[in-house]
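Since the structure comes first, as structure tokens, the remarks are kept for the end.
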Amino acid sequence: MNYFAVVDCDNCYVSCERVFRPDLNGKPVVVLSNNDGCVVARSNEAKKLGIKAGTPYFKLSQQFPDQKIAVFSSNYELYGDLTGRVMAIIQQEAPDYFRYSTDEAFVILRGMENVDLKVWGEQLHKTIRQRVGIPVSIGIAPTKTLAKMASHYAKHYAGYNHCCLIDDDEKRKKALKLYPIDEVWGIGRRYAARLENLGIHTAFDFAERNREWINATFNKVVVLRTWRELNGEDCVPNDEPAKKKSICVSRSFPGMINDIDQLKTYIANYAARCSEKLRKQNTLASVVGVFLGTNPFREDLEQYHTFGEVNLLTPSNSSIVILKKAMEALEKIYRPGLQYKRAGVIVLSMESGGGIQTNFIDFDAERFEKMKELDKVLDRLNKVNGTETVILGAQQFMGRNSKGKATQFADAIKHDFKSPNYTTRWSDIIELR
Amino acid sequence: MSLEYNLFFSVAKMKSITILDSGFEKELKLQIAPELRAGFPSPAEEYLHDSLDFNRDLIKHPEATFYGRVCGDSMIEAGINDGDIAVIDKSREPHNGSIVVAFINNEFTIKYLDTTHKDEGYIELRPANPKYKPIRIDQTDDFEVWGVVVYTIKPWN
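Written out as structure tokens, the structure is:
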């Protein structure tokens, strides 16, 4: 039987900042979202203080006036470099691995029958800790869903020494009993609510139901699969967690917005992020969707939550193309006179960037190649000089003059508390006294 | 001094690494391979070998390697000057006499590590300049060496 390990960086962004700020160990630290909007990462001390993920930055000082909290703007360049190092170590130490997200990887522990997996995991933690300076938690179990659960225990209980191994039925049952159903990997919020209503509160309650009941109640392959995984049967394919079928970039606005031009600027930025991500994983989108919503907490205002999509005849990952399609989708769903609070761009149906199926009516080979070159230059410039050095005008558009020509542009994105790029710029390396 | 020089002699099997400053190309590419031509093969072809490459050959643990800029003259007698770039390997175990980077009083410092008095309950970070005093660290539990300096790079011109 194969075992799986989940390796997960603890409070990843905070841990990255602390590598170069050891003075912040043991102190409350938060990292803000893009544009310094709200809290996206918290140290354990910040969690203990009661700071919730998603707390808007301006509310922090109101809610915690007497606390010293270290605040950072997000520095994705730094996080990208350091997590890349973590992944490189996992690759060296593990027989077979795939990256699941920025800060998480799955390891397939093939051919390790004679290895003490608990010791292996603890050693991996130590190696990563020493070499990069980032703490990780490791969960090891016979299925990916159980491994994910084990990593949760490894993270939250010091007694596990950063590595929790589920290797017999007793340990499995004990872990299931203490695990809330809504935290189980693969159980969405929607299913969790339904399960709670049916009196199923823990992973154990769920796993102990019989197969017929699961099928009759949900009739969904994914739910049954999760049930099987919790019962120790490996059935999530190895490549599945990594294979992404959609990319989504969405945010809440700092205030509320009703002007379409302003919305377009946000959408343009989300679309640009999506296309960058597409290019990074060398895939193409064939559908670009935009969603838009008002503030659900303002019941006094008219509510409107909508989604619109546009098909691409020829799949693409070009910033210009994706951006344009996103604008079209926005125009389709936008209704004037409403106060919007949230928007997002989602791109679907990816195909590999290599062999594309072109639509001959739509396809202009010369233009396609030119766009590809342009995007390459764009990515290169932004890589060398920093994210968002060169952007499309629509990403900063703020208004037009009387002739309808775009003339006003916003200042660059806000990163007031950004740490230096210690590992990616010579100008920012640490100073040694 | 037990500074480790073994690095110089174990350059054979290393993998190439990605230079961290993205302004550079991935590695120096001095391509020696000539194009294949019809006719007699060049006798030099048998001796084809990759060019020397500092990043590939001197940096043992790229994922554990960080850089720092030296500020000040506290290590001047060790030949480390203001403005030098220190190559720091976090994976190395520090030894007595290692040149290390440590985080003390809210800053990174570069000094000799002196563990002679460890059994007496303290260690010292020693400068290489009589102008400065050694830093004594009593509670060795809290103290952590951030990394070991494996090279310094010095601009001469």
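Chains as they are written, first to last, in the working numbering: chain A, 226 to 658; chain B, 4 to 160. For glycine and all other residues, C-beta sits at the position ideal for the given N, C-alpha and C.
Integer Cβ distance of residue i from residue j, believed to fall under 8 Å
i: B/Gly71; j: A/Leu657; result: 4 Å
i: A/Leu371; j: A/Leu455; result: 7 Å
i: A/Asp341; j: B/Asn109; result: Their Cβ separation, rounded to whole angstroms, is 41 Å, which puts A/Asp341 and B/Asn109 out of contact at 8 Å.
i: A/Ser471; j: A/Val572; result: 6 Å
i: A/Cys234; j: A/Asp328; result: 4 Å
i: A/Leu548; j: A/Thr531; result: About 20 Å; that fails the 8 Å criterion.
i: A/Ala330; j: A/Ile315; result: 5 Å
i: B/Val152; j: B/Val90; result: 7 Å
i: A/Ala428; j: A/Leu401; result: 4 Å
i: A/Leu423; j: A/Ile439; result: Not really, about 11 Å apart at Cβ, beyond 8 Å.
i: A/Met552; j: A/Ile492; result: 7 Å
Per-residue burial, residue i [other beta carbons within 10 Å of its own, 16 or more giving buried]
i: A/Cys241; result: buried
i: A/Ala230; result: buried
i: A/Trp410; result: buried
i: A/Asp641; result: exposed
i: A/Ser543; result: buried
i: B/Leu55; result: exposed
i: A/Gly251; result: exposed
i: A/Asn494; result: buried
i: B/Ala36; result: With a pLDDT of 45 at B/Ala36, under the threshold of 50, the modelled position of this residue cannot be trusted; read the value that follows with caution. Per the 10 Å Cβ criterion, exposed.
i: A/Ile414; result: In the sequence as presented, Ile is not what sits at residue 414 of chain A; that position holds Arg. Per the 10 Å Cβ criterion, exposed.
i: A/Asn300; result: buried
i: A/Glu501; result: buried
i: A/Thr519; result: buried
i: A/Arg498; result: buried
i: A/Trp345; result: buried
i: B/Gly26; result: Reliability of the predicted coordinates at B/Gly26 is poor, the pLDDT of 37 falling under 50, and no value is obtained from them.
i: A/Val446; result: exposed
i: A/Arg243; result: buried
i: A/His350; result: buried
i: A/Ile425; result: buried
i: A/Met374; result: buried
i: A/Asn236; result: buried
Endpoints, the beta strand (DSSP E) within which residue i is located
i: B/Ile107; result: 102-107
i: A/Gly533; result: 530-541
i: B/Arg72; result: 68-73
i: A/Leu573; result: 565-573
i: A/Cys389; result: 388-390
i: A/Phe516; result: 508-519
i: A/Phe297; result: 295-297
i: B/Glu123; result: Unbroken run through B/Glu123: none, as it is neither H nor E.
i: A/Leu257; result: 254-257
Backbone secondary structure at residue i - three-state DSSP
i: A/Pro479; result: strand
i: A/Ala313; result: helix
i: A/Thr308; result: helix
i: A/Lys277; result: coil
i: A/Arg434; result: coil
i: B/Lys136; result: coil
i: A/Arg335; result: coil
i: A/Leu657; result: strand
i: B/Leu116; result: strand
i: A/Cys263; result: strand
i: B/Ile88; result: strand
i: A/Trp452; result: helix
i: A/Phe593; result: helix
i: A/Glu524; result: coil
Range of the contiguous alpha helix (DSSP H) that encloses residue i
i: A/Asn234; result: According to the sequence shown, residue 234 of chain A is Cys rather than Asn. Taken as a continuous stretch (DSSP letters only), A/Cys234 belongs to no alpha helix (DSSP H), being part of the beta strand (DSSP E) at 228-234.
i: A/Gly346; result: 342-356
i: A/Arg414; result: 414-422
i: A/Ser362; result: It is not in any alpha helix (DSSP H) - A/Ser362 instead sits in the beta strand (DSSP E) that spans 361-366.
i: A/Asp486; result: 485-505
i: A/Arg324; result: Note, A/Arg324: premise wrong, no alpha helix (DSSP H); beta strand (DSSP E) at 322-326.
i: A/Ile545; result: 544-558
i: A/Phe283; result: 282-288
i: A/Glu242; result: 237-244
Cutoff 7 Å: residue i Cβ touching any chain E Cβ
i: A/Ile315; result: Structure shown: chain E not included; protein chains present are A and B.
Proximity test, residue i beta-carbon vs the ligand GTP heavy atom, cut-off 6 Å
i: A/Glu591; result: Among the components of this structure there are no ligands whatsoever, and the ligand GTP is therefore not found.
Where the segment 322-335 of chain A meets chain B: residues whose CB sits under 8 Å from a CB there: Residues of the segment 322-335 of chain A that bring their beta carbon within less than 8 Å of a beta carbon in chain B are absent altogether.
Which residues, in order along the segment 71-82 of chain B, keep a beta-carbon less than 8 Å from a beta-carbon of chain A? Gly71, Arg72, Val73, Cys74, Gly75, Ser77
Got a sec: which bits of the segment 637-657 of chain A sit with their beta carbon under 9 Å from any beta carbon on chain B, in order along the chain? Tyr647, Thr648, Thr649, Arg650, Trp651, Ile654, Ile655, Glu656, Leu657
Interface residues of the segment 100-112 of chain B facing chain A [CB-CB below 7 Å]: Val104, Phe106, Asn109, Glu110, Phe111, Thr112
Pull out every residue of the segment 342-370 of chain A whose Cβ sits closer than 7 Å to any Cβ of chain B, in chain order. Gln355, Arg356, Val357, Gly358
Identify each residue in the segment 230-247 of chain A for which the Cβ-Cβ distance to at least one residue of chain B is less than 7 Å, and report them in chain order. Residues Pro247.
Against chain B: residues of the segment 480-507 of chain A by CB proximity under 7 Å: none
Check distances from the C-beta atoms of the segment 55-68 of chain B to those of chain A and list, in chain order, the residues that come in under 8 Å. His64, Pro65, Glu66, Ala67
At a CB distance below 7 Å, what residues from the segment 81-96 of chain B approach chain A? Give them in sequence order. Ala89, Lys93, Ser94
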